[in-house]
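All remarks here apply to the structure that follows.
Protein chains: 2
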Amino acid sequence: MNGPFLTKLEYSGHTDAADRAAIASIVAHHRVVAARQDLSAEPGRSTVLVLLQGVMCRYRVMDGRSRRIASFVLPGDLCRLPEAPPKTSDWNIGALSRCAVGEIPIEALTALARERPNINRILWWMTLNELARAREWLVTGTMPAPQRTAHLFCELHACLQAAGLAEGGAFRLEIGQAALADAVGLSTVHLNRTLRILREAGLACLSRGRVEIPDLAQLRAFATFDGAYLGLNGPVARTGGALHLGT
Amino acid sequence: MNGPFLTKLEYSGHTDAADRAAIASIVAHHRVVAARQDLSAEPGRSTVLVLLQGVMCRYRVMDGRSRRIASFVLPGDLCRLPEAPPKTSDWNIGALSRCAVGEIPIEALTALARERPNINRILWWMTLNELARAREWLVTGTMPAPQRTAHLFCELHACLQAAGLAEGGAFRLEIGQAALADAVGLSTVHLNRTLRILREAGLACLSRGRVEIPDLAQLRAFATFDGAYLGLNGPVARTGGALHLGT
DNA sequence: CGCACTTTTGACCAGGGTCAAGGCAGGTGG
DNA sequence: CCACCTGCCTTGACCCTGGTCAAAAGTGCG
């Protein structure tokens, strides 16, 4: 059940088996979130969420109509970490598909972070990961639509791969084109055309909730994608190092 | 000399005078960086830098020609924090104007973070700050050019204000229009036209390294700027709280 | 079977990129 | 003191990517 989460922790290269067992033991209250449902409005929340299945997104509604997706939350990602007061962010988190999440009591997590340096390190790693992803999107924002979309597919593939959810060059992505458009910053119409371009070029094909990438290397070259920013080391144990700050 | 840094720490609302004195004491080796010079290429670096004067930027060169600026480094900001291995980022840091920086030995910083919870909190705060800024830029990226530029001015003003470097609605910004364009994601030509629009609308005026904002409230309304994401509390002591993670 | 949502396509328009040529400094050397 | 040069700002003309409006074709579900 915690599969994707643990697999991702393994990929991060900052945990050993004991760390993963420890963190798995504090994941409680698995529950299901329906597609299209918002998580953010729950007040007095004292739990961190781990996404285990499905896709969620962090978004903001702009002029009352258009929505901008700042990041996806993929299986293995944490969200709703406690914020530093006063609230520094007004992002909504919404489920784009039917999702399964685990809840982690904050006190348990902080306690674990205090007693296990690797867990602390993982929290830093995840945060820096988000930062790196956000900045990468800033860069891709200036690329033409097909490249940008391709780049997103590459990123999704890499992240899902690290969570053990890719089947070769293919992965499930149960998302409407509208959501994809909001993430890439295109209109639905133009995203659709862009998808057609990618499909006809044989680079990638999204259909019925599934992305198929015939030739990953080719797509990556097309999108000038270099996954180093994701900090995924492969499932290799790797410890040591100090504070592990970034930037 | 450490003025902007300490003022900003004060604004962050997570430090008391003792924290600031402690951190000030480990800032060593003040030095000057010429405009246009890159910092990133220094190997074996074991120091964190605090920017004290001037403006730097975190950028990447895209197709060999065009540069994208992912964030500005303003007085009071840290940069070149140690990275988690393997290197997760390939960003360059360059001085856009003549800069003064302080160097902080990493070991001293990590030691301080270990013994003073507030310092640890500040490191989190700064990182989350960067994250919030990056995401905000993602959102502004979809706004039309004048609003986007105005939004950037508002952000710069708020950050510089927190470092004690704003004089009312005006602040120094010794940056070429090309740099600004790369940050906002516009061409130099179009940025220039956009600046003219803002100037003629009486919203903001950039000239000879100085931005003047006649009516801050008006500019903010125009850009739909809400500075909450910067997490600046004003110079009020505020402690407590636990891990202070965000997202 | 009908309803509602999503995907697809067409036609038209505009924000912003690109190319290219002038202004307008400040710095240097005669 | 002036000619010159280099770099930056400014403006014009033209084009193209991608937005908007609108309608048709799937697709899933009660």
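Protein chains in written order, with my numbering: chain A, 1 to 247; chain B, 1001 to 1247. Idealized CB from N, CA, C, for every residue including glycine.
According to DSSP, residue pairing for residue 1060 of chain B in a beta bridge involves B/1068.
Taking residue 1199 of chain B as the centre and dropping the five residues before and after it, the same chain places the C-beta of 1205 closer than 7 Å to its C-beta, in chain order.
At the C-beta level, residue 1191 of chain B and residue 1149 of chain B come within 8 Å of one another. The beta carbon of residue 164 of chain A sits closer than 7 Å to those of 3, 4, 7, all from its chain and outside the five residues before and after it, given in chain order.
In the structure shown, the three-state DSSP call for residue 233 of chain A is coil.
With contacts defined by Cβ atoms closer than 8 Å, residue 1229 of chain B and residue 89 of chain A form a contacting pair.
As the crow flies, the alpha-carbon of residue 1137 of chain B is around 13 Å from that of residue 1224 of chain B.
When DSSP states are grouped into helix, strand and coil, residue 47 of chain A belongs to the strand group. The region 112-121 of chain A makes no contact with the region 73-82 of chain A, as fewer than three CB pairs between them are under 8 Å. Here residue 157 of chain A is buried: its Cβ has 16 or more other Cβ atoms, across all protein chains shown, within 10 Å. Inter-segment contact for the region 1100-1115 of chain B and the region 1011-1031 of chain B is present: three or more beta-carbon pairs are separated by less than 8 Å.
In this model, residue 1075 of chain B and residue 1167 of chain B are separated by some 15 Å (Cα to Cα). Close to chain B, meaning a Cβ-Cβ distance shorter than 7 Å, are the following residues of the region 65-80 of chain A: 68, 70, 79.
By the Cβ-count criterion, residue 146 of chain A is buried, with 16 or more other Cβ atoms from all chains shown falling within 10 Å of its own Cβ. By the 16-neighbour rule on beta-carbons within 10 angstroms, residue 107 of chain A is exposed.
Rounded to the nearest angstrom, the gap between the Cα atoms of residue 1218 of chain B and residue 1203 of chain B is 7 Å. Per DSSP, the continuous beta strand (DSSP E) segment holding residue 1171 of chain B begins and ends at 1170-1172.
For a cut-off of 8 Å, the C-beta gap from residue 94 of chain A to residue 50 of chain A is around 17 Å, too long to register as a contact. Here the C-alpha atom of residue 53 of chain A lies approximately 5 Å from the C-alpha atom of residue 100 of chain A.
The beta carbon of residue 1139 of chain B sits closer than 8 Å to none of the beta carbons in its chain outside the five residues before and after it. For residue 14 of chain A and residue 78 of chain A, the gap between their C-alpha atoms comes out near 16 Å.
Cβ atoms of residue 155 of chain A and residue 209 of chain A stay farther apart than 8 Å, at about 18 Å. Among the residues of chain A, none has a CB under 8 Å from the CB of residue 1227 of chain B; the nearest is roughly 10 Å distant.
One alpha carbon belongs to residue 1123 of chain B, the other to residue 111 of chain A, and they sit about 19 Å apart.
Using beta-carbon distances, residue 1221 of chain B does not count as an interface residue toward chain A, since no partner is under 8 Å. Look at residue 1106 of chain B here: in three-state DSSP terms it is helix. By the neighbour-count criterion, in which a residue is buried when 16 or more other Cβ atoms sit within 10 angstroms of its Cβ, residue 182 of chain A is buried. Taking a 10 Å sphere around the C-beta of residue 1179 of chain B, we find 16 or more other C-beta atoms and assign the residue as buried.
DSSP links residue 38 of chain A through a beta bridge to A/94. DSSP, read as helix, strand or coil, puts residue 32 of chain A in strand. Between residue 71 of chain A and residue 133 of chain A, the CB-CB gap stays under 8 Å. Annotation for residue 210 of chain A: the continuous beta strand (DSSP E) segment containing it runs 210-212. Taking a Cβ-Cβ cut-off of 7 Å, the neighbours of residue 135 of chain A in chain B comprise 1070, 1134, given in sequence order. The beta carbon of residue 1060 of chain B sits closer than 8 Å to some beta carbon of chain A.
The beta carbon of residue 1213 of chain B is closer than 7 Å to those of 1153, 1157, 1169, 1170, 1204, 1219 in its chain, skipping five residues each way along the sequence. Listed along chain A are 60, 62, 68, 70, each with a C-beta nearer than 9 Å to that of residue 1139 of chain B.
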